[in-house]
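Engineer: Handing you a structure now.
Number of protein chains: 2
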Amino acid sequence: MRQIIEERTGSHSRHPASSEPHIAHMRFTAHATVLHEGDPARRIMEVVEGAVMLTKLLPDGRRQVVELLGPGDVFGLAACDVYACSAETLTAAIITTHERGALDRDPTLAARLLRRFEAQLCAMHSHALVLGRMSALERVAFFLLRLTPESVVGSTLHLSMTRQEIADFLGLTLETVSRAFSELKRRGLVALLRADEVKIHDHGSMRRLAGAA
Amino acid sequence: MRQIIEERTGSHSRHPASSEPHIAHMRFTAHATVLHEGDPARRIMEVVEGAVMLTKLLPDGRRQVVELLGPGDVFGLAACDVYACSAETLTAAIITTHERGALDRDPTLAARLLRRFEAQLCAMHSHALVLGRMSALERVAFFLLRLTPESVVGSTLHLSMTRQEIADFLGLTLETVSRAFSELKRRGLVALLRADEVKIHDHGSMRRLAGAA
DNA sequence: CGGAATCTTGACGACGGTCAACGCTGGTGG
DNA sequence: CCACCAGCGTTGACCGTCGTCAAGATTCCG
């Protein structure tokens, strides 16, 4: 168990003249649990800085990482009145929260979250295609491209996830993920500087593998 | 090719004193294509009545049904400026559309769509767990329960999808779906009256198979 | 330097995909 | 009215991808 929670509720700072009195900025270390699947869903969360993953568990312990979140992304959702996913930080992160009631009172906030929900829903649609129809190699290629912003095309990409976490995201086992990395390396599409540092050499072939997504 | 489009743009009716002049209600037959992945994303759609499925395609033709929609559900989303998914009706359906700009102008509409997006995002999270971590039998059990509203517990459930469509939804092949149905029947969990009419006998075992979701 | 955690690689097996034949059902036309 | 045909579903045999189990390799840290 390495998710030691160290939840310095950093700047709980209510600016004297803040227009949003119930906002709480929280600072988390890497590998901290932010919230638990099944807990009562009080607030909606938003990533300000860092990376967060959402996970779901089956009764027998099988795990799926359902979403990877970055700055601006929203989580803490609920179909009924409890959180549908657990959330863990992948890196150090800053998270802000919104009262659920604020959505009705603050149209600006609602409009922003709406736009973000749309983007996340589209990302989930892509992810369904990956999980339902792609081979192991294709999934890993897709994963690497997804983590590559246009700025980092030539340079080296840092994965802040273990093979197990990547596997749980892609619906594979850690061994299969490892084999896929090796195969991509063998084919000259990527270079593995370290286990968690990848350089993409053949961007075109990678895109083709990932289904030109 | 059976998606014959018969798109009687039924009540394009602008009520004399309507507050939403750009609303268009459209009536579709079953198996009609409502919109195409890749087309310019002009409007946001909402299911009023009937069932709609959203699909994504890989360049080589592999297909994934990413979402099943019923009344109230929203589609026609776009990460950039084109639709991310195609949409086809499963049954006869009535669909209404909203101008994208209306979301900023109409806070009531925005609040309603926000709530619906949240529900659909949660459904996608469950679906990711299904696609990533469940066996074929579990997937089919999950699928059948998902289609069973509490009202239809004792009675018979009508599937308005072919085996191929179910397979594309669950990330399987049509043969595997067929085998899973037969296996559920063999175990006495369901009865197959016809290929598209199912009665669930052992609801408890089904829930256990589906991961008590 | 040593030990724990993570990653890689190999051997093997199972689940589900592929290919193929057959059955059922509903619609059309003779 | 019945026969035929087309589309969909079922079942079987076989095979490939990926999961499982296990043994090393590597990295990181004290």
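Keeping their order, the protein sequence lines are chains A and B. Under the UniProt record's numbering, the first residue of the first sequence carries the number 1, and numbering increases by one thereafter. Under the UniProt record's numbering, the first residue of the second sequence carries the number 1, and numbering increases by one thereafter. Note that the Cβ used here is the ideal one computed from N, Cα and C, for glycine as well. All figures in this text were calculated on a predicted structure; none of them were measured in a lab.
So which residues of chain A does E67/B contact, with C-beta pairs closer than 9 Å?
Structural biologist: Position 67 of the second sequence, counted from the start, is the residue given in the question as residue 67/B. Those are L121, M124, H125, A128, listed as they occur along chain A.
Engineer: Any C-beta of chain A within less than 7 Å: which residues of the segment 132 to 152 of chain B qualify?
Structural biologist: Under the 7 Å Cβ criterion, the segment 132 to 152 of chain B contributes G132, R133.
Engineer: Output yes or no for whether 8 Å exceeds the beta carbon distance between D168/A and V65/A.
Structural biologist: Translated into the one-based positions of the first sequence, residue 168/A becomes position 168. Translated into the one-based positions of the first sequence, residue 65/A becomes position 65. Contact: yes.
Engineer: For the putative contact between A110/A and A111/B, defined by C-beta atoms under 8 Å, what is the C-beta separation to the nearest angstrom?
Structural biologist: Your numbering for residue 110/A matches position 110 in the first sequence. Your numbering for residue 111/B matches position 111 in the second sequence. So it is a contact: roughly 6 Å between Cβ atoms.
Engineer: Is it right to say E46/B is buried, meaning 16 or more other beta carbons lie within 10 angstroms of its own, or is it exposed?
Structural biologist: Locating residue 46/B in the second sequence gives position 46, where the first residue counts as 1. Looking at its Cβ environment, which holds 16 or more other Cβ atoms inside 10 Å, E46/B is buried.
Engineer: Does DSSP classify R163/A as helix, strand or coil?
Structural biologist: Walking along the first sequence from the start, residue 163/A turns up at place 163. Reduced to three states, the DSSP call for R163/A is helix.
Engineer: Residues of chain B with CB under 7 Å from G204/A, in chain order?
Structural biologist: Translated into the one-based positions of the first sequence, residue 204/A becomes position 204. The premise fails here: G204/A is roughly 14 Å from chain B at the closest Cβ pair, so nothing lies under 7 Å.
Engineer: Measuring CA to CA, which of R115/A, R42/A, R207/A is closest to I44/B?
Structural biologist: Mapped onto the second sequence, residue 44/B falls at position 44. Of the listed residues, the one whose Cα sits closest to I44/B is R115/A.
Engineer: Taking 8 Å as the threshold, find out whether the segment 188 to 206 of chain A comes into contact with the segment 140 to 148 of chain A through three or more Cβ pairs.
Structural biologist: A contact exists between the segment 188 to 206 of chain A and the segment 140 to 148 of chain A.
Engineer: Buried or exposed: where does D81/B fall if 16 or more other Cβ atoms within 10 Å of its Cβ makes it buried?
Structural biologist: By one-based count along the second sequence, residue 81/B stands at place 81. Label assigned to D81/B: exposed.
Engineer: Can you list, in chain order, the residues of the segment 103 to 122 of chain A whose Cβ is nearer than 8 Å to any Cβ on chain B?
Structural biologist: Here the close residues are L103, D104, P107, A110, A111, L113, L114, F117, E118, A119, Q120, L121, C122.
Engineer: Against R62/B, what residues of chain A qualify as contacts under a CB-to-CB distance less than 7 Å, listed in chain order?
Structural biologist: Position 62 of the second sequence, counted from the start, is the residue given in the question as residue 62/B. By Cβ distance, chain A contributes R133.
Engineer: Select from the segment 68 to 89 of chain B all residues with a C-beta closer than 8 Å to any C-beta belonging to chain A, and list them in chain order.
Structural biologist: The segment 68 to 89 of chain B vs chain A, Cβ under 8 Å: L77, A78, A79, A84, C85.
Engineer: Which of helix, strand or coil does DSSP assign to E37/A?
Structural biologist: Within the first sequence, the letter at position 37 stands for residue 37/A. Looking at E37/A - three-state DSSP - the assignment turns out to be coil, as it is neither helix nor strand.
Engineer: Scan the segment 170 to 193 of chain A for residues whose Cβ lies nearer than 9 Å to a Cβ of chain B and list them as they occur along the chain.
Structural biologist: Per Cβ criterion, the list reads L170, G171, L172.
Engineer: Whole angstroms is fine: what's the gap from A30/A's alpha carbon to A92/A's?
Structural biologist: Within the first sequence, the letter at position 30 stands for residue 30/A. Within the first sequence, the letter at position 92 stands for residue 92/A. Answer to the nearest angstrom: the Cα atoms are 4 Å apart.
Engineer: So with Cβ pairs under 8 Å, would you call A212/B a contact of chain A?
Structural biologist: Counting from 1 along the second sequence, the entry for residue 212/B is found at position 212. At least one chain A Cβ lies under 8 Å of A212/B.
Engineer: Say whether chain A places a C-beta atom closer than 8 Å to the C-beta of L58/B.
Structural biologist: Here residue 58/B refers to the residue found at position 58 when the second sequence is read from its first residue. It does: the Cβ of L58/B has a partner Cβ on chain A nearer than 8 Å.
Engineer: Report yes if the C-beta distance between L69/B and L121/A is below 8 Å; otherwise report no.
Structural biologist: The residue given as residue 69/B occupies position 69 in the second sequence. The residue given as residue 121/A occupies position 121 in the first sequence. Taking 8 Å as the Cβ cut-off, L69/B and L121/A do not qualify as a contacting pair.
Engineer: Anything in chain B within Cβ reach of L54/A, meaning under 9 Å, just list it in chain order.
Structural biologist: Position 54 of the first sequence, counted from the start, is the residue given in the question as residue 54/A. Correct list: H125.
Engineer: On the premise that F75/A lies in contact with V48/A, defined as a C-beta separation below 8 Å, what is that separation, rounded to the nearest angstrom?
Structural biologist: Counting from one through the first sequence, the residue named residue 48/A turns up at place 48. Counting from one through the first sequence, the residue named residue 75/A turns up at place 75. Not a contact, Cβ separation roughly 12 Å.
Engineer: Would you mind reading off the limits of the alpha helix (DSSP H) that contains T176/A?
Structural biologist: Reading the first sequence from its first residue, position 176 is the one you call residue 176/A. 174 to 186 is the span of the alpha helix (DSSP H), which, as asked, contains T176/A.
Engineer: Using the DSSP secondary-structure output, state which residues sit across from E49/B in a beta bridge.
Structural biologist: By 1-based counting over the second sequence, the position of residue 49/B is 49. Beta-bridge pairing links E49/B to I94/B.
Engineer: Given S155/B, which residues of its chain have a CB within under 6 Å of its CB, disregarding the five upstream and five downstream residues?
Structural biologist: Residue numbering aside, residue 155/B sits at position 155 when the second sequence is read from its first letter. Cβ within range, chain order: n/a, list empty.
Engineer: Given a cut-off of 8 Å on the beta-carbon distance, is the pair A79/A and E37/A in contact?
Structural biologist: Here residue 79/A refers to the residue found at position 79 when the first sequence is read from its first residue. Here residue 37/A refers to the residue found at position 37 when the first sequence is read from its first residue. Not in contact: A79/A and E37/A (Cβ atoms no closer than 8 Å).
Engineer: What separation, rounded to the nearest whole angstrom, lies between the Cα atoms of R163/B and R62/B?
Structural biologist: Here residue 163/B corresponds to residue number 163 of the second sequence, with the count starting at 1. Here residue 62/B corresponds to residue number 62 of the second sequence, with the count starting at 1. Between R163/B and R62/B, the C-alpha separation is close to 15 Å.
Engineer: What does DSSP give as the partner residue(s) for F28/A in the beta ladder?
Structural biologist: Start at 1 with the first residue of the first sequence, and residue 28/A comes out as number 28. Beta-bridge pairing links F28/A to A93/A.
Engineer: Could you please give me the residues that DSSP links to A87/A through a beta bridge?
Structural biologist: Within the first sequence, the letter at position 87 stands for residue 87/A. DSSP, once it has assigned bridges, lists L35/A, L54/A as partnering A87/A.
Engineer: Among all the DSSP beta bridges, which residues are the ones paired with T156/B?
Structural biologist: If you number the second sequence from 1, residue 156/B lands on position 156. DSSP output for T156/B lists K199/B as bridge partner(s).
Engineer: Alpha carbon to alpha carbon, how far is S135/B from M206/B? Give it in angstroms, no decimals.
Structural biologist: The count along the second sequence starts at 1 and reaches residue 206/B at position 206. The count along the second sequence starts at 1 and reaches residue 135/B at position 135. In a straight line, the C-alpha of M206/B is about 13 Å away from that of S135/B.
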